[in-house]
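*Asks:* Protein chains in written order, with this note's numbering: chain H, 60 to 356; chain Z, 60 to 356. Where is the CB? At the ideal position from N, CA and C, for every residue including glycine. None of the values given here were measured: they were computed from a predicted structure. Provided herewith is a single structure, encoded as structure tokens, for subsequent inquiry.
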């Protein structure tokens, strides 16, 4: 199961209710943090999540509100005897920014980490999932990310029961997509298993409306998308290269996603009803995220 | 009147209830922030204090928990059209750390600021107050600070009434400590006014017990002092060059301060009763600070 928690849903300025951006995706022992604004380590503490769980950090861009929580988080991970290697992904320039960040204070605990500068398409792949990115259109070099769970095979129990195939290595082979022989007869994995489609989560923050945002989120089960402004403030959104609720919904619509969660709201909005309404006119299955909101897929 | 608000009372790791360190002192249009841990700008937002009010930032040392809120705060001040110049004070190395900090992200708004590296004694003085510092003993270059309000003269109204001196420039002169002539007679400012002793607030964070801490806090009306550990954990305090509650109280005692507020508690303490009790055994007028606690002097 994929679990998502919103750790911060404001943009440049935090509010009483909303911290700077951060979204944690948990899946089969992987804990992927998308962006890490100031205060994210405290949000994790409040949510009861241990920073030492984090395996990957995916940075969309280097505006302060998306990154200023990194050094404190890494320091706290160091104090928790983090034994893994943290993999940090971000657009061109990330290595230099991280280097300067680590020279900006006296660190009391360090962790092993590796920085990967990413451009487009697959940036990580294992047996279970793929991470992809595509460049977006913002005031500085920015990428969006997709987490793509791979399809899995589930044994068609009634089928194998009928044939009398016992539990054990033969079923394991079928589950791995390999055909087997049983009582002199070839059994095809495609017949003996059912394909369970993997889920896809896309993360499109800080951008203007652009084809890559649509391409990245194509057929996603869940799109997390910025919607800094209401439709009435489209001029402001354009000036700062951000999205309105309506534009985020347009991306969701064009990308044929199943569900849309909006985030990264300007601090001027005491409530986000208008942004949600603007979005609903275009794409009905939409919610405005709040800090600590959880989604399961 | 001097007003103080604790914006963060944890140390290296924040807790659900306590943010990283920061104390704001407000006095006659001056807003002096002592230390600026991660999340301080959000704490200000929660407390209803505008970041653009800040006039001076006094950094004790460059461990992450005391400084990682600076870049975000300055960015937010920039977005608020900050028209003053922010004066940043800190120990040797502060210029270099600030320079690296500003190269660690893409800033969206900048403010005018000036960095002052401080060593000891008076670092700022105007008609109303003095700021002093002294080096302390910690794992990195560290200073403590004192805010010292200057003594003021208040008109002795019954005295001047008896002589018939009218409201106006003559009273102004007396209040400024200048003698005057009235009806051919010399009136001494010392007779016509009452001296109101200025208040002193000292800020002693991250240090081992040392003479300079006592010297800095000498006769302070209020000492804000770190007490990271209980007496039972003195070994840990020594290892990390911090104070126990008892040691903080010993400083308060030796310095003859009036009131002691403890802060900078290790995240291991769910409540700080034991630290307060350890301190009370040595110095009775002591309180453990909490986030958003206010003190008026």
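Would you report the Cα separation of residue 343 (chain H) and residue 287 (chain H), rounded to the nearest angstrom?
*Replies:* Working through the first chain from its first residue, we reach residue 343 (chain H) at position 284. Working through the first chain from its first residue, we reach residue 287 (chain H) at position 228. Cα-Cα distance, rounded: 19 Å.
*Asks:* Enumerate, from N- to C-terminal direction, the unbroken alpha helix (DSSP H) stretches of 4 or more residues contained entirely within the region 150 to 189 of chain Z.
*Replies:* 153 to 161
*Asks:* Does residue 209 (chain Z) come out as helix, strand or coil in the three-state DSSP assignment?
*Replies:* The count along the second chain starts at 1 and reaches residue 209 (chain Z) at position 150. Residue state, collapsed to three classes: coil.
*Asks:* How should residue 97 (chain H) be labelled, buried or exposed, when 16 other C-beta atoms within 10 angstroms of its C-beta is the threshold for buried?
*Replies:* Taking the first chain and counting its residues from 1, one reaches residue 97 (chain H) at position 38. With a 10 Å radius around the Cβ and a threshold of 16 neighbouring Cβ atoms, residue 97 (chain H) comes out buried.
*Asks:* Can you say whether residue 160 (chain H) is buried or exposed, counting buried as having 16 or more other CB atoms within 10 angstroms of its CB?
*Replies:* Counted from its first residue, the first chain places residue 160 (chain H) at position 101. Classification of residue 160 (chain H): buried, given that the 10 Å Cβ count is 16 or more.
*Asks:* Whole angstroms are fine: how far does the CA of residue 117 (chain Z) sit from the CA of residue 73 (chain Z)?
*Replies:* One-based indexing of the second chain puts residue 73 (chain Z) at position 14. One-based indexing of the second chain puts residue 117 (chain Z) at position 58. Across the structure, residue 73 (chain Z) and residue 117 (chain Z) are spaced so that their CA atoms are roughly 21 Å apart.
*Asks:* Please classify residue 104 (chain H): is it buried, with 16 or more other beta-carbons within 10 angstroms of its beta-carbon, or exposed?
*Replies:* As a position in the first chain, residue 104 (chain H) is number 45, starting the count at 1. Per the 10 Å Cβ criterion, buried.
*Asks:* Along chain Z, in chain order, which residues have C-beta atoms closer than 9 Å to that of residue 114 (chain H)?
*Replies:* What you label residue 114 (chain H) is simply residue 55 of the first chain in a count that begins at 1. Result: empty, since nearest Cβ-Cβ is about 20 Å, beyond 9 Å.
*Asks:* Any Cβ of chain Z within less than 8 Å of the Cβ of residue 61 (chain H)?
*Replies:* Indexing the first chain from 1 puts residue 61 (chain H) at position 2. So, not an interface residue.
*Asks:* Say whether the region 133 to 147 of chain Z touches the region 185 to 204 of chain Z, bearing in mind that this needs 3 or more beta-carbon pairs closer than 8 Å, one atom from each stretch.
*Replies:* no
*Asks:* Report the partner residues of residue 284 (chain H) according to the DSSP bridge assignment.
*Replies:* The count along the first chain starts at 1 and reaches residue 284 (chain H) at position 225. Residue 284 (chain H) is bridged to H:263 and H:321.
*Asks:* What does DSSP give as the partner residues of residue 218 (chain H) in its beta bridges?
*Replies:* In the first chain, the residue the question calls residue 218 (chain H) occupies position 159. Residue 218 (chain H) pairs with nothing; no bridge assigned.
*Asks:* Could one say the Cβ of residue 246 (chain Z) lies closer than 8 Å to chain H's Cβ atoms, at least one of them?
*Replies:* Taking the second chain and counting its residues from 1, the one referred to as residue 246 (chain Z) is at position 187. No, no contact with chain H.
*Asks:* Looking at C-alpha atoms only, which residue of Z:168, Z:226, Z:204 and Z:252 is the closest neighbour of residue 212 (chain Z)?
*Replies:* Residue mapping note: residue 212 (chain Z) aligns to position 153 of the second chain, counting from 1. When each option's Cα is compared against that of residue 212 (chain Z), the closest is Z:252.
*Asks:* Taking the straight line between their C-alpha atoms, what separation do you get for residue 110 (chain H) and residue 244 (chain H)?
*Replies:* For this step, residue 110 (chain H) is matched to residue 51 along the first chain. For this step, residue 244 (chain H) is matched to residue 185 along the first chain. Rounded to whole angstroms, residue 110 (chain H) to residue 244 (chain H) spans 52 Å at the Cα level.
*Asks:* Between the region 90 to 115 of chain H and chain Z, which residues of the former have CB atoms less than 7 Å from a CB of the latter, in chain order?
*Replies:* 97, 98, 100, 101, 104 and 105
*Asks:* Using the C-alpha atoms, what's the distance from residue 130 (chain H) back to residue 239 (chain H)?
*Replies:* Looking up residue 239 (chain H) in the first chain gives position 180. Looking up residue 130 (chain H) in the first chain gives position 71. Looking at the two C-alpha atoms, the distance is approximately 52 Å.
*Asks:* Return the residue from the list H:311, H:301, H:324 and H:353 that minimises the CA-CA distance to residue 197 (chain H).
*Replies:* For the purposes of this step, residue 197 (chain H) is taken as the residue at position 138 of the first chain. Comparing Cα-Cα distances from residue 197 (chain H) to each of H:311, H:301, H:324 and H:353, the minimum goes to H:301.
*Asks:* Among the candidates H:168, H:259, H:224 and H:86, whose CA atom is the shortest distance from the CA of residue 247 (chain H)?
*Replies:* In the first chain, residue 247 (chain H) corresponds to position 188, counting from 1. Looking at the Cα atoms, H:224 is the closest of the given residues.
*Asks:* List the endpoints of the continuous beta strand (DSSP E) containing residue 357 (chain Z).
*Replies:* Missing from the structure shown is residue 357 (chain Z); chain Z here goes from 60 to 356 and no further.
*Asks:* Give me the residue from Z:330, Z:171, Z:281 and Z:306 with the minimum Cα distance to residue 265 (chain Z).
*Replies:* Taking the first residue of the second chain as 1, we reach residue 265 (chain Z) at position 206. Of the listed residues, the one whose Cα sits closest to residue 265 (chain Z) is Z:306.
*Asks:* Taking the alpha carbon of residue 311 (chain H) as the point to measure from, which residue in H:290, H:299 and H:275 has its own alpha carbon closest?
*Replies:* Walking along the first chain from the start, residue 311 (chain H) turns up at place 252. Among H:290, H:299 and H:275, the Cα nearest to that of residue 311 (chain H) belongs to H:275.
*Asks:* If you draw a straight line from the C-alpha of residue 203 (chain Z) to the C-alpha of residue 195 (chain Z), how long is it?
*Replies:* Stepping through the second chain from its first residue, residue 203 (chain Z) is reached at position 144. Stepping through the second chain from its first residue, residue 195 (chain Z) is reached at position 136. Each residue's Cα considered, the two are about 6 Å apart.
*Asks:* Residues of chain Z with a CB under 8 Å from the CB of residue 164 (chain H): which are they?
*Replies:* Indexing the first chain from 1 puts residue 164 (chain H) at position 105. Residue 164 (chain H) reaches chain Z at 121, 122, 123, 126, 127, 156 and 160, counting residues in chain order whose Cβ is nearer than 8 Å.
*Asks:* So with Cβ pairs under 8 Å, would you call residue 73 (chain H) a contact of chain Z?
*Replies:* Taking the first chain and counting its residues from 1, one reaches residue 73 (chain H) at position 14. Interface residue, yes.
*Asks:* Within a Cβ cutoff of 6 Å, which residues of the same chain sit near residue 89 (chain H), ignoring the five residues on either side of it in sequence?
*Replies:* Against the first chain, residue 89 (chain H) aligns to sequence position 30. These residues qualify, in order along the chain: 114.
*Asks:* Please check the pair residue 262 (chain Z) and residue 82 (chain Z), which I expect to be a contact at CB under 8 Å, by giving their CB distance rounded to whole angstroms.
*Replies:* The residue you call residue 262 (chain Z) lines up with position 203 of the second chain. The residue you call residue 82 (chain Z) lines up with position 23 of the second chain. Here residue 262 (chain Z) really is in contact with residue 82 (chain Z); their C-beta atoms are around 7 Å apart, less than 8 Å.
*Asks:* What in chain Z is Cβ-close to residue 53 (chain H), meaning under 8 Å?
*Replies:* Since the first and last residues shown for chain H are 60 and 356, residue 53 (chain H) lies out of range.
*Asks:* Please state if the CB of residue 120 (chain Z) and the CB of residue 80 (chain Z) are separated by a distance shorter than 8 Å.
*Replies:* As a first step, residue 80 (chain Z) is located in the second chain; it is residue number 21 there, counting from the start. As a first step, residue 120 (chain Z) is located in the second chain; it is residue number 61 there, counting from the start. Between residue 80 (chain Z) and residue 120 (chain Z), the CB-CB gap reaches or exceeds 8 Å.
*Asks:* Using the Cβ count rule (16 or more neighbours within 10 Å means buried), how would you classify residue 180 (chain Z)?
*Replies:* Walking along the second chain from the start, residue 180 (chain Z) turns up at place 121. It is exposed - the Cβ of residue 180 (chain Z) has fewer than 16 other Cβ atoms within 10 Å.
*Asks:* Cutting at 8 Å between CB atoms, please list the residues of its own chain near residue 156 (chain H), excluding the five before and the five after it.
*Replies:* Taking the first chain and counting its residues from 1, one reaches residue 156 (chain H) at position 97. Excluding residues within five positions, the ones whose Cβ falls inside 8 Å are 121, 126 and 149.
*Asks:* Verify the CB distance criterion: does residue 296 (chain Z) have a CB-CB separation below 8 Å to chain H?
*Replies:* In the second chain, the residue the question calls residue 296 (chain Z) occupies position 237. No, no contact with chain H.
*Asks:* If we cut at 8 Å on Cβ distances, does residue 303 (chain Z) have a partner in chain H?
*Replies:* By 1-based counting over the second chain, the position of residue 303 (chain Z) is 244. Chain H, which has no Cβ nearer than 8 Å to the Cβ of residue 303 (chain Z), makes this no.
*Asks:* Measuring straight from C-alpha to C-alpha, what distance separates residue 303 (chain H) and residue 290 (chain H)?
*Replies:* The residue labelled residue 303 (chain H) in the question sits at position 244 within the first chain. The residue labelled residue 290 (chain H) in the question sits at position 231 within the first chain. The alpha-carbon separation between residue 303 (chain H) and residue 290 (chain H) amounts to approximately 5 Å.
*Asks:* List the residues of chain H that residue 131 (chain Z) touches, going by C-beta distances under 7 Å, in chain order.
*Replies:* Sequence index remark: in the second chain, residue 131 (chain Z) carries index 72 (1-based). Those are 97, 123 and 127, listed as they occur along chain H.
*Asks:* For residue 309 (chain Z), which of helix, strand or coil comes out of DSSP?
*Replies:* Residue mapping note: residue 309 (chain Z) aligns to position 250 of the second chain, counting from 1. Note: residue 309 (chain Z) maps to helix in three-state DSSP.
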